[in-house]
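S.K.:
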Amino acid sequence: MPPSAPAPTNPALAGIAPTDRHLLRALAQNFGLVLSWAVLVLAILIYCAIYYGQLGTLPGNFEITSTVNNTMPLVLSGLGQTIVILTRGLDLSVGGIIDLTNALAALYLGDTLQSAILGSIAILGVGALLGFVNGALVAFGRLQPIVVTIATLSIYQGLAIMILPQPGGTIPPEFSALLVNSGAPWALLYCVAFGLLWMMLRRSRLGVSIYAVGNDPAAATANGISLIRTRLAAYVLSGVASAGAGLFLAASSTAGDATTGNGYTLTSIVAVVLGGVSLFGGRGSGIGAIAGALLTTMIVNILFFAQIDPLYQSFYEGLFLVLAVVLTMAVGRLVKRRRR
Amino acid sequence: MTDPIPVVPPAAPAAPPPPRPFLGLDAERRHILYAVLGAILVFAVGAAVRPGFASPASISAVLLVASFVGLVAAGQTFVILIGGIDLSIPSVLNAAAILLVTSTLGDDSRAVYGITLTLAMGAGLGLLNGVGIAILGVPAVIMTLAMNGIVEGLMLGLSGGLTCQACASYAPPVVQAAVHGSLLGVPLAIYIWVGIIVIVSIVLSFTTFGRRTYAIGNNAVASHLAGINVPLTTILLYALSGLFAALAGILLVGFGGQASLEMGTPYLFESIAAAVVGGVSILGGRGHYLGAAAGAVSLVALATVLQTMNMPEYGRDILYGVVVIALLLAYGREQEGA
Amino acid sequence: MIDPTPAAAPNSSGPAIEGIDLVKAFGGVVALGGASFSAYPGEVHALVGENGAGKSTLIKLLGGRLRPDSGVVKYYGQPVQLHSPQDTRRLGAATVFQELTQFPGMTIAENLLIGREPRGALGLIDRRRMTAEAAAILAGMGLHDIDPGELVEDVSLAQRQIVEIVRAVLAEPKILFLDEPTSSLVEREVEWLFGMVRKLRAEGTSVIFTSHRWREVISIADRITVFRNAREVGTFTTISEDDAVSLMAGRKVSAIYPTLPPKPAGDAALAVEGLSGNGLTDISLTLGKGEILGVGGLAGHGHRELFFTLFGALKPSAGRILVSGKPVRLRSPRDAIHAGPGIALVPEDRKTEGLLLPMSVKINLTLSVLRRISWLGLIRGRDEQARTRAMAESLDVRPPDPGRIVGTLSGGNQQKVLIGRWLLAESGILLFYDVTRGVDVATKHEIYALINRLANEGRSILLYSSDAEELAHLAHRVLVLREGRIAAELHPPMTSEAIVSSAVRDADAA
């Protein structure tokens, strides 16, 4: 007898066609992701409305381009942080890795596009190494991620200042144009590319392992997944992503600065949480983190164009963060209850 | 294969021998011992490198700075013991400093009012953290991070970026004296800290509140099912953390005279590092403030030694991180990881 | 007298799996004291015995979940050292234990096919094909109402258990270990499982399983090994239930369980009217002073929710709870502890829900009576020490040292500490949830005696046990829960058979 679609047990779902039911279930299973993109769209609309109210036109090429370009480092560090948080870890050294790679970029990217690209690859390798140190201490040393990465944050920040005590160095303009072209929001293509890379990771064995380890480490071991290798890989990937963020930051400015990355440690966590990823591990999507990063920048833009006193900026950001999390948790509980 | 069926039930199994103690101390006390030994070691190394480092004046200076870290670490220890964390202390500390100077305007007659108001603010902000975490269910990292932003924004906004007229006021002289003055050659602030150490230690070790704290940190579900009011205790602990951050802000502005921006920033990671170095487990349920206090002294002493060796700040940062990791690896063998 | 048909080796080739003189002890308590066992290809072998007799320990040693203190495990005649689940798998064995190895936030399809997901372009997992493949697998096994697109945390315990079994069978094992596989399955699902087991047997797989349910055991097992006191005491191809129970107990049934005190007629200490919510529907019951009321049924059918609701740890959506005749609103366990004579709960999993394992016996015992042992918030150390030592000694906790870390005690002693907490609190209404699970036999009998004594003193006890035999003999009467409702109320003389059949009857078959 051919398998038939199972009858819905929830009377609320009776009378709804199977494909619609599957869509509803997909929404329910991924509500964090869906919610984050919905809020992002809402924020964009509000931004456009405020912008129009202030200046009489809709945001143009310049605004869109600079917004996207400014968000790229957060997109990357958010993706890296997502991977680590999914394994029930945390990477507080993100800021330090960005500082250090930014400083290296300012000093060693050279003058030509070729040298810059080669240098970039090397710098990504450095990021991997820095992440490897974190991962080794967590996976082999079995130390708690929060304290390990606080310590490595300090080390990496120190190294950054050591090699670039004052802002300086040079970034070849062709490199900047490649990454954060100021003519048009080409960087959105990078966002799409990172999104695709994420989806590839999700569908790879490593991706499955990451979710498994975050869901239940004991069950993961019972299923033959190596906790050590998975955790190590997660921190290495986070290191590479943060290094990429450092490169984007370098491309956005004409010189390097060894302290420019410090704010990204905590902001990357904000982007991840706004993206619907659970801090308890095992649930959430990098695509959500991308939305979370864009949303974070949108909030700043909205505050700016609504002519909120910039001194109060962190107040609104903090308030928004708490409300967003409370809202997400409330929606999540509602969704779970309706499906019972 | 049939054996005779006994009528008498089998004897109950014998008890296994008790585990061998190490130096007669359990793990928690051992960590405190290590932290204290570590502090002494740092002073010894410092004295070797820079003669005069272990002089009473020098030790006293280190202890004074350590007392500020130690105060913040007290609050941080309370919340780490239940498996939480307080990322809002930088701005709470800073806001407290600003509130003290602007409410007292350097006037001793308003000192009591100013101090009470400031401490109440700190406790109140901590209370809000606790409510968000215990009742709304917001993860501690997010709640306290958001609170940090909220307080920072309010502080900057209301003071106009610290450009308001009252903002340049000095701390009341009585507060300044409390920090700078000395009794028997020891700065008063250190007496205050020692008093705090005694009180906090008694609370943790000998009171029902301390017992509940350790219980929740060990197993919040079991504590709840044993009738412990987990939300209330959580809220109180975060209120205490805010209170201590505010107290540190008061003493710091008494030390420096005036308030400035970014006063609290270095204390966040320092307070966490002091607790961890002192044997407080970041997972909760284990550790004691005595260890955190010793940890604060060790870390400040280390930073001071490096400074006197004319090591640039970045070198200190690097060594700091390396030392913390080394200590964690040394403790790590006794702590489980999942 | 026992008239067993002792079993000779079913076929000429060697055993698929053997255990020789296996010894395993936990915290000084011997769980298995030199037991030997063997099973052959194409054989279904059941392990039976009381809780704590050693059958679960043996199956975990054979399946690689635990390592023996001494003795040898042999697969196909070769001694093996099993260090990880990988080792077990590589030897062609699969295990289904009570602790499920599933990922709650992932779908059933992902859980089933983990490690062998179908790949598409670029070697990436094809999720749509994965769900379809999972659906085909489930359908191929006759499971049409499990939806592979559901998250594991969104489906019932029974479905999760079935998924765990499917996963084990998918590995095409030559040896299959099942520890209490039917604890949450209704009749139809048990039939499905046995159909699966028969098919595996025909294909030459050895199936070793443990069970409490006699009817199931004799319907499917080729050989039955009885355990008592941490050893095997006999292997049979046929044996009557009475003989088996005598063998399991080592003495007449009437000597295991204490004589029930007569139920005092009188006021209800606890009454429940129309309680609903959290999967429960319209539960009403009364519990008198000095009464032991048993609650039985399959795992996952609402017992946990009932106990938690009565303790104030879950909020009901409807209904009333009355303590000593007065309606109460239990908003938290604190309310329950202070309601009337006091309600106490000894929960299912003492390690995660009951005890603070790294802390001392003293701290664990006084956790609910902190106010009583303190003065203005300061703990009275000597008072605490004296009271806890007295309690530990009266319960015969070994060793009776209040400073001993609870995590180092054996399961039985840990359970005593947990019960001791509520005795210190002088609670009058005791909710005992599977209080003899994972407890050695000697301690178990002590707990039976204790329950009896408490009832004699006038305390009221609500007792849930996964062992229907226990309920049948310990309780004054038994309520059977099925799918959140009371399906039956049984009065003495009660049999475990009656309890089980009320529980497993399908909802459709009235």
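Chains as they are written, first to last, in numbering that gives the first Met the number 0: chain G, 0 to 339; chain D, 0 to 337; chain W, 0 to 509.
C-beta: ideal position from N, C-alpha, C; glycine also.
#1: Please say whether W:A229 and W:G53 have beta carbons closer to each other than 8 angstroms?
#2: Please go through the same chain and pick out, in chain order, the residues whose beta-carbon is closer than 8 angstroms to the beta-carbon of W:A157, but skip the five residues on each side of it.
#3: Report the rounded CA-to-CA distance for D:A145 versus W:V206, giving the unit in angstroms.
#4: Check for me: the alpha helix (DSSP H) holding G:T295 runs from which residue to which?
#5: Between the Cα of G:P216 and those of G:R204, G:R230 and G:S203, spot the shortest distance and give me the residue it belongs to.
#6: Buried or exposed: which applies to W:R328, given that a residue is buried once 16 or more other Cβ atoms fall within 10 Å of its Cβ?
#7: Run through DSSP, which three-state label would W:A38 get?
#8: Note down the Cα distance separating W:D395 from W:A38, rounded to an integer number of angstroms.
#9: Tell me, please, which residues DSSP counts as bridged to W:R476.
#10: Within 10 Å of its beta-carbon, does W:T237 have 16 or more other beta-carbons around it, so buried, or fewer, so exposed?
#11: When you check each C-beta in the segment 206-227 of chain D against every C-beta of chain W, which residues fall closer than 8 angstroms?
#12: Following the continuous alpha helix (DSSP H) through G:A211, name the residue where it begins and the one where it ends.
#13: Whole angstroms is fine: what's the gap from W:A385's alpha carbon to W:E98's?
#14: Using a C-beta cutoff of 8 angstroms, does D:A349 count as contacting chain G?
#15: Along the chain, where does the alpha helix (DSSP H) containing G:T18 start, and where does it finish?
#16: To the nearest whole angstrom, what separates the beta carbons of W:P147 and W:G91, a pair I think is in contact under 8 angstroms?
#17: What are the boundary residues of the beta strand (DSSP E) that W:Y447 is part of?
#18: What are the boundary residues of the alpha helix (DSSP H) that D:G255 is part of?
#19: For the alpha helix (DSSP H) that D:G294 lies in, which residues bound it at each end?
#20: How should W:A580 be labelled, buried or exposed, when 16 other C-beta atoms within 10 angstroms of its C-beta is the threshold for buried?
#21: If I follow the unbroken beta strand (DSSP E) through W:G318, where does it start and stop?
#22: Taking DSSP as the reference, what is the three-state secondary structure of W:D178?
#23: Are the CB atoms of D:G126 and D:A238 nearer to each other than 8 angstroms?
#24: Nearest to G:A305 by CA position, among G:A290, G:N69 and G:L54, is which residue?
#25: Please report the distance separating the alpha-carbon of D:A274 from that of W:V72.
#26: Report all residues from its chain with a CB closer than 7 angstroms to the CB of G:M71; omit the five preceding and five following residues, and keep chain order.
#27: Between which two residues does the beta strand (DSSP E) carrying W:Y463 extend?
#28: Quick one: list the residues of chain W neighbouring G:S203, beta-carbon separation under 9 angstroms, in chain order.
#29: Nearest-angstrom Cα distance between G:M0 and W:H472?
#30: Name, in chain order, the residues that DSSP records as bridge partners for W:R484.
#31: Taking all protein chains shown into account, decide if G:N60 is buried (16 or more other Cβ within 10 angstroms of its Cβ) or exposed.
#32: Quick check: the segment 122-139 of chain D against the segment 77-87 of chain D, are at least 3 beta-carbon pairs closer than 8 angstroms?
#33: Give the range of the alpha helix (DSSP H) segment to which W:G411 is assigned.
#34: Ordered along the chain, which non-local residues of its own chain (more than five positions away) have a Cβ less than 7 angstroms from that of W:R330?
#35: On a Cα-Cα basis, can you pick out the residue from W:S69, W:L46 and W:D334 that is closest to W:I58?
#36: Please say whether W:F176 and G:N218 have beta carbons closer to each other than 8 angstroms?
M.R.: So, from the data block:
#1: For the pair W:G53 and W:A229, the CB atoms are nearer than the 8 angstroms cut-off.
#2: S183, L184, V185, E188, L297 and G299
#3: 56 angstroms
#4: G285 to F304
#5: G:R230
#6: exposed
#7: strand
#8: 39 angstroms
#9: W:L292
#10: exposed
#11: Residues passing the 8 angstroms Cβ filter: T206, T207, F208, R210, R211, Y213, A214, N217, N218, V220, A221, S222, H223, L224, A225, G226 and I227.
#12: R204 to N214
#13: 39 angstroms
#14: Not covered by the structure: residue 349 of chain D. The range shown for chain D is 0 to 337.
#15: P17 to Q28
#16: Between W:G91 and W:P147 the Cβ distance is about 26 angstroms, and since that is not below 8 angstroms, they are no contact.
#17: Premise fails: W:Y447 lies in the alpha helix (DSSP H), V440 to N455, not in any beta strand (DSSP E).
#18: Per DSSP, the continuous alpha helix (DSSP H) segment holding D:G255 begins and ends at V229 to G255.
#19: Y288 to T307
#20: Chain W is shown only over 0 to 509; residue 580 of chain W falls outside these bounds and no answer can be derived.
#21: A317 to V322
#22: strand
#23: The question names Gly, but residue 126 of chain D is Leu in the sequence shown. Taking 8 angstroms as the Cβ cut-off, D:L126 and D:A238 qualify as a contacting pair.
#24: G:L54
#25: 47 angstroms
#26: V179, A186, Y189 and F247
#27: S459 to Y463
#28: G122, L123 and I124
#29: With a pLDDT of 31 at G:M0, under the threshold of 50, the modelled position of that residue is not reliable, and the figure given next carries that caveat. Near 46 angstroms, if we compare the C-alpha coordinates of W:H472 and G:M0.
#30: W:R481
#31: exposed
#32: Because the criterion of three Cβ pairs below 8 angstroms is met, the segment 77-87 of chain D and the segment 122-139 of chain D touch.
#33: For W:G411, the enclosing alpha helix (DSSP H) stretches over residues G410 to L423.
#34: G311
#35: W:L46
#36: According to the sequence provided, residue 218 of chain G is Ala. The question's Asn does not apply to it. Cβ distance not < 8 angstroms, so G:A218 and W:F176 don't count as in contact.
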